[in-house]
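Heads up: the sequence shown runs through residues 119 to 666, numbered per the working numbering. All remarks here apply to the structure that follows.
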Amino acid sequence: MTYRQTHTVFNQPIPLNNSNLFLSDGALRDAVAREGAGWDVELLASIGQQLGAAESLELGRLANTHPPELLRYDPGGRRLDDVRFHPAWHLLMQGLCANRVHNLPWQEAARKGAFVARAARFVLHAQVEAGTLCPITMTFAATPLLSASMPAPFSAWLKPLHSDRYDAHLQPGERKRGLLIGMGMTEKQGGSDVLSNTTHAMPLAQRGPGEPYRLVGHKWFFSVPQSDAHLILAQTKGGIGCFFLPRFLPDGVRNAVRLERLKDKPGNRANASAEAEFDGAIGWLIGEEGEGMRQILKMGSMTRFDCALGSHGLMRRALSVALYHVHQRQAFGKHLIDQPLMRQQIGRMALWMEGQTAFLFRLARAWDSRDSEHERAYLRVFTPAAKFTVCRAGIDFAAECMEALGGNGYCEESELARIYREMPVNSIWEGAGNIMCLDVLRALAKHPGIVDMLNAEFDEVRGQNRHFDRAWRQLQQRLRTPRESQGRVITRQLAQLASAAQLLRYASPPLAAEWCRMVLDPRGEAMLAERTLDDVLLRATGAVAVQT
Ligand SMILES: Cc1cc2nc3c(=O)[nH]c(=O)nc-3n(C[C@H](O)[C@H](O)[C@H](O)COP(=O)(O)OP(=O)(O)OC[C@H]3O[C@@H](n4cnc5c(N)ncnc54)[C@H](O)[C@@H]3O)c2cc1C
């Protein structure tokens with residue numbers, strides 16, 4: 119039989135699998151240096167090199183194509199309530215902990231700029247695998263609360279909680295080298311409205327802070343069920359309380375936390391999200407009865423910031439992959455990047471990322487400087503605004519990048535399919551979109567100093583750009599009598615102005631002016647000037663240049 123070759127493969131781009139995720143991102147590099155973490159750039163470059171390598175990207179793929187498995191019973195029929203993960207998951211978790219994404223700002227003598235450095239590390243890891251960020255962000259957010267109020271029987275857990283080790287063993291916390299902490303608020307009847315929680319807690323003996331209570335009830339979403347402990351909400355006589363719910367009790371016996379099912383999710387597949395029942399489990403009260411919401415909200419604002427950072431990282435990866443593709447793929451006799459319509463589209467996305475990066479890292483600096491009243495006001499309003507705008511923008515952005523790859527983008531072999539499926543969850547969990555907008559309105563109405571902070575931030579750059587000035591005037595009018603039904607418009611406009619203000623302060627004047635024209639000009643759809651396109655594509659296509 120003679121062998122016949124049906125065709126020769128050509129014009130199929132090679133995938134982006136050996137780039138430096140930090141050095142290739144001009145906007146990120148500038149933001150890290152500007153916002154106070156210049157001291158971390160060498161390490162970030164090394165993390166970026168390692169994460170951008172084919173081996174790391176493969177771990178991300180494997181962790182998602184082999185999702186966790188619920189082990190309710192052992193072979194002898196004894197309850198296990200455990201989860202089995204692919205080894206790739208554990209390697210990714212080890213990397214996150216070694217890079218201190220779960221605790222960098224909480225380390226003793228944390229340097230100024232630690233939040234900014236940690237935000238950059240988070241964004242780099244997000245580009246490889248996003249499911250692992252869930253345990254990391256919850257542990258990160260819970261650590262300050264537990265450091266201050268760990269119930270006495272668990273004082274020996276503080277050392278592993280603060281370590282840079284990942285330890286997946288099913289053992290009591292004091293015997294482990296590293297811990298994970300989860301959070302459980304959402305029940306079947308309500309997730310946004312957690313005051314509707316029906317799980318109830320009865321004191322074993324005394325009531326009050328640090329005392330053990332017996333818990334009966336359930337959680338409808340209970341992510342990272344393999345955590346060493348969860349912070350959960352339950353009803354007490356004095357109102358909703360926050361409880362420390364360990365996996366093992368002080369006598370070494372497993373707590374009565376039953377895992378019923380794992381959720382079957384379109385994305386976030388590497389991460390386990392369980393349904394759990396508390397069959398007389400024991401939890402220790404953190405703070406007073408009735409203070410549960412206050413305790414949880416303290417952590418909520420950190421996890422919400424991480425949702426925005428996570429979506430940002432996914433957007434950056436989607437853009438890098440799309441950029442790499444359009445520089446190689448030809449259609450109608452030209453590389454796609456040289457087709458005017460594609461060049462505009464990709465250029466607009468790269469320009470959008472300039473503003474978003476500037477905004478998010480300004481917000482990270484506010485976290486670093488939260489001893490200042492001005493920065494606390496900035497955090498209060500712009501954290502929910504960032505979560506809403508970035509996480510929502512990510513959904514369309516991923517679809518657009520996917521389309522730049524044509525049919526290949528829609529296939530599972532491309533990273534875009536996974537990124538696209540991952541994107542919506544950041545907008546839903548930790549407070550869905552409308553809840554974020556209502557939170558922004560609440561902050562505007564109640565937090566002292568917000569109006570002064572906004573005036574100071576935006577008046578400083580007034581007069582440089584007419585689109586900015588007009589949008590700021592319009593927002594000021596809306597803020598005189600903010601209406602709940604306008605929550606999304608107001609939130610979006612706040613985030614846009616915050617991005618624009620940072621660009622007007624620090625970016626090259628043409629780039630800042632083009633960003634304002636693209637986003638704030640009500641006539642919309644203004645074409646980017648060729649010079650800006652060249653500049654912005656060069657800053658964003660480091661990925662192409664740095665592919666090794
Ligand atoms: C993969 C995954 C993992 C999760 N893991 C956890 C976890 O570990 N721990 C945990 O506690 N929760 C977890 N959640 C739950 C998540 O936080 C909730 O789903 C979310 O807070 C929304 O709550 P809900 O599903 O009850 O929706 P609802 O509260 O019913 O809200 C539905 C919609 O109505 C909107 N809405 C609600 N109130 C208003 C209002 N007043 N005005 C206008 N719109 C409103 C919301 O914005 C939302 O869009 C997880 C969710 C997912 C998808």
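Just so you know, even glycine gets a beta-carbon here, dropped at the ideal spot from N, CA and C.
Query: Counting only the same chain and skipping the five closest in sequence on each side, list residues whose C-beta sits under 6 Å from that of residue 206.; Result: 177, 180, 181
Query: Between which two residues does the beta strand (DSSP E) harbouring residue 391 extend?; Result: 391 to 404
Query: How would you write the range of the beta strand (DSSP E) that residue 187 sits in, first residue to last?; Result: 187 to 191
Query: Indicate whether residue 437 and residue 509 have their beta-carbon atoms separated by less than 8 Å.; Result: no
Query: So for residue 626, helix, strand or coil by DSSP?; Result: coil
Query: List the whole-angstrom C-beta distance separating residue 589 from residue 620, where the pair is believed to meet the contact cut-off of C-beta under 8 Å.; Result: The Cβ separation is near 15 Å, so there is no contact.
Query: By DSSP's criteria, residue 167 is part of a beta bridge. Which residues make up the other side?; Result: Residue 167 is not bridged to any residue.
Query: Quick one, which of 146, 158, 161, 170 has its alpha-carbon nearest residue 133's?; Result: 170
Query: Pull up the distance between the alpha-carbon of residue 291 and that of residue 272, whole angstroms please.; Result: 8 Å
Query: Output yes or no for whether 8 Å exceeds the beta carbon distance between residue 353 and residue 316.; Result: yes
Query: Using DSSP with H/G/I as helix, E/B as strand and the rest coil, what is residue 353?; Result: strand
Query: Here's a check: name, in chain order, each residue in its chain whose Cβ is nearer than 7 Å to the Cβ of residue 62, leaving out the five neighbours to either side.; Result: Given a span of 119 to 666 for the chain in the structure shown, any question on residue 62 remains unanswerable.
Query: Near residue 664, what residues of its chain come up, given a Cβ to Cβ distance below 7 Å and the 5 sequence neighbours on each side ignored?; Result: The predicted model places residue 664 with a pLDDT of 46, which falls under 50 and marks its position as unreliable, so this point remains unresolved.
Query: Can you tell me the Cα-Cα spacing of residue 502 and residue 422, whole angstroms?; Result: 7 Å
Query: Can you tell which of 517, 339, 262, 294 has its C-alpha closest to the C-alpha of residue 668?; Result: No answer is possible for residue 668: the residues shown for the chain start at 119 and end at 666.
Query: Note down the Cα distance separating residue 662 from residue 419, rounded to an integer number of angstroms.; Result: Low local confidence applies: a pLDDT of 48 at residue 662 is under 50, so the model's placement there is unreliable, with the coordinate-based value given in what follows. Near 36 Å, if we compare the C-alpha coordinates of residue 419 and residue 662.
Query: Give, in chain order, every unbroken run of the beta strand (DSSP E) that is at least 3 residues long and sits entirely within the region 507 to 557.; Result: none
Query: From which residue to which residue does the beta strand (DSSP E) around residue 337 run?; Result: 330 to 341
Query: Taking just the CA atoms, how far does residue 245 sit from residue 234?; Result: 17 Å
Query: In angstroms, rounded to a whole number, what distance separates the CA positions of residue 622 and residue 474?; Result: 13 Å
Query: Alpha carbon to alpha carbon, how far is residue 646 from residue 466? Give it in angstroms, no decimals.; Result: 7 Å
Query: Closer than 7 Å by C-beta to residue 281: which residues in its own chain qualify, once you throw out the five before and the five after it? Chain order, please.; Result: 295, 296
Query: Go through its chain and collect everything with a Cβ distance to residue 558's Cβ below 8 Å, but skip five positions before and after it.; Result: 499, 502, 503, 506, 605, 608, 609, 612
Query: Taking residue 493 as the reference, give the member of 188, 375, 569 with the closest Cα.; Result: 569
Query: Out of curiosity, what's the CA-to-CA distance linking residue 443 and residue 581?; Result: 40 Å
Query: Sort 123, 642, 122, 129 by Cα distance to residue 450 and report the nearest one.; Result: 129
Query: Check whether the Cβ of residue 513 sits closer than 7 Å to any heavy atom of ligand 1, and report yes or no.; Result: no
Query: Beta carbon of residue 543: closer than 7 Å to some heavy atom of ligand 1?; Result: yes
Query: Where does residue 223 land, buried or exposed, given buried means 16+ other C-beta within 10 angstroms?; Result: buried
Query: Leaving aside the five residues before and after residue 202 along the sequence, list all residues of the same chain whose C-beta is less than 7 Å from its C-beta, in chain order.; Result: 186, 187, 189
Query: Flag residue 669 as yes when its Cβ comes closer than 7 Å to any non-hydrogen atom of ligand 1, and as no otherwise.; Result: Because the chain here runs from 119 to 666, residue 669 falls outside it and cannot be looked at.
Query: Which value, in whole angstroms, describes the spacing of the CA atoms of residue 264 and residue 525?; Result: 48 Å
Query: In whole angstroms, what is the alpha-carbon distance linking residue 197 and residue 405?; Result: 32 Å
Query: Between the C-alpha atoms of residue 528 and residue 521, what's the straight-line distance to the nearest angstrom?; Result: 8 Å
Query: What separation, rounded to the nearest whole angstrom, lies between the Cα atoms of residue 167 and residue 565?; Result: 42 Å
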